[in-house]
Amino acid sequence: MPDSLPPSLRLLTLQSWNEERWTEVRPIYEASFPAHIRKPERIVRRMLERMDAFLHEGSLGGVPCSMALTGLSTDRRRLIVDYLAVSPDRRESGIGRRTVEALAQWARETYGVHGLLIEAEADDSEEGRGRVRFWENCGFVSTEYVHHYVWVPERYRAMLLDLQGADVPPADRLPRDGRALFAYIEAFHQSSFAR
317 MPDSLPPSLR LLTLQSWNEE RWTEVRPIYE ASFPAHIRKP ERIVRRMLER
367 MDAFLHEGSL GGVPCSMALT GLSTDRRRLI VDYLAVSPDR RESGIGRRTV
417 EALAQWARET YGVHGLLIEA EADDSEEGRG RVRFWENCGF VSTEYVHHYV
467 WVPERYRAML LDLQGADVPP ADRLPRDGRA LFAYIEAFHQ SSFAR
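Structure follows, in structure tokens:
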């Protein structure tokens with residue numbers, strides 16, 4: 317048995333804007349996503365004010381180490397993970413996986429969601445393959461369909477982490493069709509940017 321176990325990840329979840337928490341997680345967010353990819357603060361604020369959206373802060377020993385921006389799908393059966401980031405100095409230590417596990421537990425216990433849904437860049441670069449490997453190592457499964465947005469050049473693929481048990485009847489299982497899953501993702505993005 318090790319002399320000391322690593323501290324457990326604490327996940328704080330907010331459904332309304334909190335300037336203090338945003339100040340804590342913003343550096344992680346900005347270090348992880350280029351300006352042209354991340355949502356501006358005003359959009360994040362609006363999401364928390366108007367949508368079933370959530371800002372999550374992961375911390376170890378009281379120090380923020382990860383963050384996520386999520387929201388419920390229109391049917392409330394999935395939690396869409398819009399952004400998930402780990403502090404650059406804490407990467408490659410399992411914090412990302414632990415954050416995904418904490419999100420899944422929170423979403424299942426709080427909202428009874430059946431799965432987590434993300435969109436991953438469908439590029440063949442080493443960085444792109446690394447991102448997909450991360451999500452696969454967290455239990456997500458890729459769909460075949462590749463989605464093209466009209467406003468960005470990147471292509472994306474939906475990935476799903478099924479939280480349902482094996483005893484769920486086939487008719488009640490979450491769909492694996494990428495086009496159907498992207499309908500939820502697109503509705504989420506449209507709500508995010510709605511004025």
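The sequence shown begins at 317 in this note's numbering and counts up one residue at a time. Every residue, glycine too, gets a C-beta built ideally from N, C-alpha and C. Keep in mind the model is a prediction, meaning the values are calculated, not measured.
Point to revise | Exposed unless 16 or more other CB atoms sit within 10 angstroms - verdict on residue 396 | key: The residue labelled residue 396 in the question sits at position 80 within the sequence shown. Looking at its Cβ environment, which holds 16 or more other Cβ atoms inside 10 Å, residue 396 is buried.
Review point. Can you tell me whether residue 350 is buried or exposed, with buried defined as 16 or more other CB within 10 angstroms of its CB?
Key: Locating residue 350 in the sequence shown gives position 34, where the first residue counts as 1. Exposed, since its Cβ has fewer than 16 Cβ neighbours within 10 Å.
Check your understanding: Taking DSSP as the reference, what is the three-state secondary structure of residue 478?
Key -> Taking the first residue of the sequence shown as 1, we reach residue 478 at position 162. Here residue 478 sits in strand by DSSP.
Check your understanding: From what residue to what residue does the beta strand (DSSP E) around residue 462 run?
Key -> Within the sequence shown, residue 462 is the residue found at index 146, counting from 1. Element bounds for residue 462: 457 to 464.
Point to revise | For residue 401, the three-state DSSP class (helix, strand or coil) | key: Counting from one through the sequence shown, the residue named residue 401 turns up at place 85. Strand at residue 401.
Point to revise | Rounded separation between residue 407 and residue 479 - CA only | key: Here residue 407 refers to the residue found at position 91 when the sequence shown is read from its first residue. Here residue 479 refers to the residue found at position 163 when the sequence shown is read from its first residue. Answer to the nearest angstrom: the Cα atoms are 25 angstroms apart.
Check your understanding: Can you round the beta-carbon distance between residue 447 and residue 436 to whole angstroms, since I take them to be within the 8 angstroms contact cut?
Key -> Looking up residue 447 in the sequence shown gives position 131. Looking up residue 436 in the sequence shown gives position 120. Rounded, the Cβ-Cβ distance is 6 angstroms, consistent with contact.
Practice item. Determine, using beta-carbon pairs with one atom in the region 469 to 476 and one in the region 371 to 385, whether at least three such pairs fall under 8 angstroms. Key: no
Exercise for review: Check residue 317 in the structure and name its three-state DSSP category.
Suggested key: Residue mapping note: residue 317 aligns to position 1 of the sequence shown, counting from 1. Reliability of the predicted coordinates at residue 317 is poor, the pLDDT of 41 falling under 50, and the value obtained from them is presented with this limitation in mind. Reduced to three states, the DSSP call for residue 317 is coil.
Check your understanding: Near residue 426, what residues of its chain come up, given a Cβ to Cβ distance below 6 angstroms and the 5 sequence neighbours on each side ignored?
Key -> One-based indexing of the sequence shown puts residue 426 at position 110. Once the five neighbours on either side are set aside, residue 426 has no close Cβ partner at all.
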